[in-house]
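Per my numbering: the sequence shown = residues 286 to 536.
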Amino acid sequence: MITGGASGLGFAGAEAFAAAGATLVLADIRAEAAQLAVERLGGGPHLAVSGDVAVAADVDMMVNTAREAFGRIDVLVNCAGIPDVFRPTIEQDYEQFRRLVDIHLGGTFLVSKTVAPVMLANGRGAICNISSIAGVLGLTPRNAYSAAKAGISMLTRTLGTEWVSRGVRVNCIAPGYIVTPFFDRLVAEGKLDQHRIIRRTPIGRLGKASELAEAMLFLCSSNASYISGVTLQVDGGYMSWGAPSDAAVDA
């Protein structure tokens, strides 16, 4: 089951899991987009469900639909999210702040909490959350996004140690700058400087959605059977570079 699975990183993950032979439930607040994403995967056994990850009744409905259709849920990828507001703090609206935290952090908690009993009853399962380098670095003035992503990393630690003895592992990915339609829009709006980001990234390029998807696949596979409660940075070395210069030039 992948939340936010209709587009962006969620759909990239769906493509990777489908290629590995998984049967998918794509959950998205946009019902038509979720159904189109299933069709892009070839239809077949895959299922689209629609709801708001921050609304308990919607989450119950999506999880119950998945369980009734397939009998179990082996993997959950919490990828649902909304864009943040690039605005000075004193101009930020509290309701917008709270809504973003509710979707990113609250949604990750609520969907995980609802799926966990299904996994625990089967004695196995893997959950992959999506944080961000914004959860560690101070990305001014992206307060709500950074705070929510930091919370997701810590939530991963607590859930990853609570459930692992009963067969359910919980891990997290902290992406750097990955090429997605949302990233392209931020560049077009002048909110991100693509060339500056590339210079700051030791690998010297932006990440691909498919590379992040492979990390999801790994953390949810038996190859990661002894890994739980960790946040994996998939950022081309961005977080590890500390010198006051352009990483891609000097590294």
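We put the beta carbon where it would ideally sit given N, CA and C, even for glycine. Everything numeric in this text was worked out from a predicted model, so none of it was measured.
query: Taking contact to mean 3 or more Cβ pairs, one atom from each stretch, closer than 8 Å, check whether the stretch 319-327 and the stretch 294-302 are in contact.; result: yes
query: Note down the Cα distance separating Arg454 from Leu502, rounded to an integer number of angstroms.; result: 13 Å
query: Which word fits Asp387, buried or exposed, when buried means at least 16 other C-beta atoms lie within 10 angstroms of its C-beta?; result: buried
query: Using 8 Å as the limit for Cβ to Cβ distance, is Val362 near chain B?; result: The chain labelled as chain B is not found in the depicted structure, where only one protein chain is given.
query: Exposed or buried, what is Ser513 when buried is set at 16 or more other beta-carbons lying within 10 Å of its beta-carbon?; result: buried
query: Grab the span of the alpha helix (DSSP H) containing Thr399 for me, first residue to last.; result: 392-407
query: For Val334, write down the residues that DSSP places opposite it in a beta bridge.; result: Ala312
query: Is the stretch 425-440 touching the stretch 471-489, taking contact as three or more C-beta pairs under 8 Å?; result: no
query: Does the stretch 434-442 touch the stretch 460-472, meaning 3 or more C-beta pairs lie closer than 8 Å?; result: no
query: Identify every residue that forms a DSSP beta bridge with Cys364.; result: In the DSSP output, where bridge partners are listed per residue, Cys364 has none listed.
query: So Pro460 and Ser525 are supposed to be a Cβ contact under 8 Å. How far apart are they, rounded?; result: Contact flag wrong, Cβ pair sits at about 15 Å.
query: What is the rounded straight-line gap between the Cα of Val403 and the Cα of Val362?; result: 15 Å
query: Does Gly392 pass the burial test, meaning 16 or more other C-beta atoms within 10 Å, or should it be called exposed?; result: buried
query: In whole angstroms, give me the CA-to-CA distance for Phe296 and Thr486.; result: 25 Å
query: Assuming Val360 and Cys505 are in contact, meaning their beta carbons sit under 8 Å apart, how far apart are those beta carbons, in whole angstroms?; result: 5 Å
query: Locate the beta strand (DSSP E) running through Ile418, then write down its first and last residues.; result: Where Ile418 is concerned, there is no enclosing beta strand (DSSP E), given that its DSSP letter is neither H nor E.
query: Can you list, in chain order, the residues of its chain whose CB lies under 7 Å from that of Gly289, leaving out five sequence neighbours each side?; result: Gly295, Asp313, Cys364, Ala365, Gly366
query: Roughly how many angstroms lie between the CA atoms of Ile354 and Arg383, to the nearest whole one?; result: The amino acid at residue 354 is misidentified as Ile; the sequence shows Ala. Spanning the two alpha carbons is a distance of roughly 34 Å.
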